[in-house]
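Enquirer: Protein chains in written order, with this note's numbering: chain A, 29 to 193; chain B, 93 to 503. Beta carbons: idealized from backbone N, C-alpha and C, even for Gly. For clarity, every value in this text was computed on a predicted model and none was experimentally measured.
#1: Closest to residue 252(B) by C-alpha separation, out of 274(B), 234(B), 495(B), would be which residue?
#2: Taking only runs of the beta strand (DSSP E) that begin and end inside the stretch 44 to 108 of chain A, which ones reach a length of at least 3 residues, in chain order?
#3: Can the beta-carbon of residue 466(B) be found closer than 8 Å to that of residue 441(B)?
#4: Classify residue 289(B): buried if its beta carbon has 16 or more other beta carbons within 10 angstroms, exposed otherwise.
#5: Helix or strand or just coil, what does DSSP make of residue 340(B)?
#6: Counting only the same chain and skipping the five closest in sequence on each side, list residues whose C-beta sits under 6 Å from that of residue 49(A).
#7: Among 203(B), 216(B), 201(B), whose alpha-carbon lies nearest the alpha-carbon of residue 186(B)?
#8: Which class does residue 122(A) belong to by DSSP, given the choice of helix, strand or coil?
#9: Rounded C-beta distance between residue 149(A) and residue 125(A)? I'm assuming under 8 Å.
#10: Could you check how far apart the C-beta atoms of residue 148(B) and residue 137(B) are, in whole angstroms? I think they sit under 8 Å.
#11: Taking residue 153(A) as part of the alpha helix (DSSP H), name the residues at either end of that continuous run.
#12: Taking beta-carbon pairs under 9 Å, can you tell me which members of the stretch 437 to 469 of chain B lie near chain A?
#13: So is residue 45(A) in contact with chain B if we call contact Cβ pairs under 8 Å?
#14: Just list the residues that DSSP pairs residue 150(B) with in beta bridges.
#15: Beta-carbon of residue 94(B) versus every beta-carbon of chain A: anything under 8 Å?
#16: Taking one C-beta from the stretch 476 to 483 of chain B and one from the stretch 138 to 147 of chain B each time, how about it: are there three or more such pairs within less than 8 Å?
#17: Note down, in chain order, each residue of its chain lying with its Cβ closer than 6 Å to the Cβ of residue 88(A), except the 5 sequence neighbours on either side.
#18: Name the DSSP bridge partner or partners of residue 449(B)?
#19: Taking C-beta to C-beta, are residue 462(B) and residue 163(B) nearer than 8 Å?
#20: Indicate whether at least one CB of chain B lies closer than 8 Å to the CB of residue 128(A).
#21: Quick one: Cα of residue 296(B) to Cα of residue 375(B), how far?
#22: Compile a chain-ordered list of the residues in the stretch 162 to 179 of chain B whose CB is closer than 8 Å to at least one CB of chain A.
#23: From the DSSP output, read off the bridge partner residues of residue 120(B).
#24: Starting from the C-beta of residue 435(B), find all residues in its chain whose C-beta is less than 6 Å away, skip the five residues before and the five after it, and write them out in chain order.
#25: With 9 Å as the limit, tell me which residues of the stretch 148 to 168 of chain A have their beta carbon closer than that to any beta carbon of chain B; keep them in chain order.
#26: For residue 340(B), go through chain A and note every residue whose CB falls closer than 7 Å to its CB, in chain order.
#27: So what does DSSP say about residue 194(A), is it helix, strand or coil?
#28: Show which residues of chain B have a CB atom less than 7 Å away from the CB atom of residue 83(A).
#29: By how many angstroms is the C-alpha of residue 367(B) removed from the C-alpha of residue 373(B)?
#30: Should residue 445(B) and residue 332(B) be called a contact, given that it needs their Cβ atoms to be closer than 8 Å?
#31: Name, going along the chain, the residues of the stretch 344 to 357 of chain B whose beta-carbon falls closer than 9 Å to a beta-carbon of chain A.
#32: Could you check which residue in 66(A), 75(A), 172(A), 137(A) has the C-alpha nearest to that of residue 326(B)?
#33: Among 484(B), 483(B), 486(B), 473(B), which one has its Cα closest to the Cα of residue 496(B)?
#34: Closer than 7 Å by beta-carbon distance: list the chain C residues that pair up with residue 502(B), in chain order.
#35: Could you give the first and the last residue of the continuous alpha helix (DSSP H) run that contains residue 500(B)?
#36: Would you kindly work out how many angstroms separate the C-alpha atoms of residue 427(B) and residue 403(B), rounded to a whole number?
Below, the structure written as structure tokens:
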């Protein structure tokens, strides 16, 4: 079973809803949209030969310059029988960052989605308990977004006296 | 959590092994955040019906340090210090996993000798991780002496770390492109003594004390079982998944760092209960010793680092005499070298399971986005389900056998 076969099978089933097929370091990567993410993941999980039955990782990314698709949700699936991995991405606009939850397919997505919500503010519709997980509940911003830059290590405007130097 | 408290229907009542009662009062018990039996700072709010746990709610994040955010500002070589502090019981595995991720991005091939040294260090780390888990499981069931005996061996592993990198707990071992120094004759002698003499003896003694000990076995058999299917749904990996009967091990499925050269077995359990988790870890210690012996025996000659000027620091004596080396030294230390753009996922078999690094580079000096797939974080969410209907003392044992490491849980 090669990446080529998987990609062809997905294209036959989902057509134009899947695009941007890539193979960085041999890991099949593709992009879909939020209308099709659940059916695509279910299809891959229940496929007779592919059997992507393991959700390895679910995380988010913020791309502020990517107009209309500022937020990404990235799924890493693993087919343990065939030992093949696949990466699926969904991009969302910052005005409407909703995506359906996958907790009904994999219970393990529960905390992964909570973590993604906690850091990026991506809203997973239908999630049983979408609250912050690692940060304090009173926090009113999403810290992994790029607008919250960490202090630049090379800055020169610090007043030494304030830092006891 | 509220909906399952009162067993109003038959299935809930059966699961809890009690009659259907409409008006039961429950006790709330806080297990943690700083309870000694949690071995780390995280809280479980347990709803108790007498001795039995009805449901649990977890609060984590007490030692969250925003590693993923900090990593976005750091040059690649400075991120090992963050990975050290995730699973601090086996930091060399975290370090090597990160180096290998960057090497994958850069397309660096590491010489065989460096691979073998890494394998030795990673397996030592796995041994020390499993020693902690299993001996503390003994402590949690009331058997303190086993813990004291085998901690002597862990101390010896830490001495080997010291010999290799100067540090004990947060090792910061290895460099992008290889190891920072070769195995010294002292280190080799210490490793040989550990895997050929002292550890096999101590571990055999430990197993003699525990494996068929009636009191211990009665406490852990059939406690907190999980089926293989459910474990997969919950994203279990590592010894906890293998205890449930699924033989997934990253070292075999996707061999990294020359693991394909070694001959070792993957121990697998049946029921996924605490006893199986304990036995799988015990057996893995023997397998790790096997790997280390093979690696020492077949240790290839040659360089212990790749010819990777942009990331591997030049030898110090060259820095003073050679212009080229001085420039690279400066550029590496100041973090002025841009990595190629790309997207990499690399996984290693950590002490607790698949430790993944998802790295997105935009061609800058630091990662654009770095996500750690932390096995403890992912499987700890199954804990309330595993301890439903058990007594509090069993819940402690289950928690202990899962080997949840707070640093890895919170990142």
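Expert: Let's see:
#1: 274(B)
#2: Qualifying beta strand (DSSP E) stretches, in chain order: 47 to 50, 56 to 60, 82 to 90, 99 to 107.
#3: no
#4: exposed
#5: It is coil, neither helix nor strand.
#6: 35, 58
#7: 216(B)
#8: Taken through DSSP and simplified to helix, strand or coil, residue 122(A) comes out as coil.
#9: 7 Å
#10: 7 Å
#11: Counting along the chain, residue 153(A) falls outside any alpha helix (DSSP H), though it belongs to the beta strand (DSSP E) covering 151 to 153.
#12: 437, 438, 439, 446, 448, 450, 452, 460, 461, 463, 465, 469
#13: Closer than 8 Å: no.
#14: 136(B)
#15: Low local confidence applies: a pLDDT of 47 at residue 94(B) is under 50, so the model's placement there is unreliable, and no value is given.
#16: yes
#17: 101, 144, 148, 150
#18: 438(B), 464(B)
#19: yes
#20: No Cβ of chain B is located within less than 8 Å of the beta carbon of residue 128(A).
#21: 11 Å
#22: 162, 164, 165
#23: DSSP output for residue 120(B) lists 139(B) as bridge partner(s).
#24: 452
#25: 157, 160, 161, 162, 163, 164
#26: 108
#27: Here chain A has residues from 29 to 193 only, and residue 194(A) is not among them.
#28: 327, listed in chain order.
#29: 10 Å
#30: yes
#31: Per Cβ criterion, the list reads 345, 346.
#32: 137(A) is the residue among 66(A), 75(A), 172(A), 137(A) whose C-alpha sits nearest the C-alpha of residue 326(B).
#33: 473(B)
#34: The structure shown contains no chain C; its protein chains are A and B.
#35: 498 to 502
#36: 9 Å
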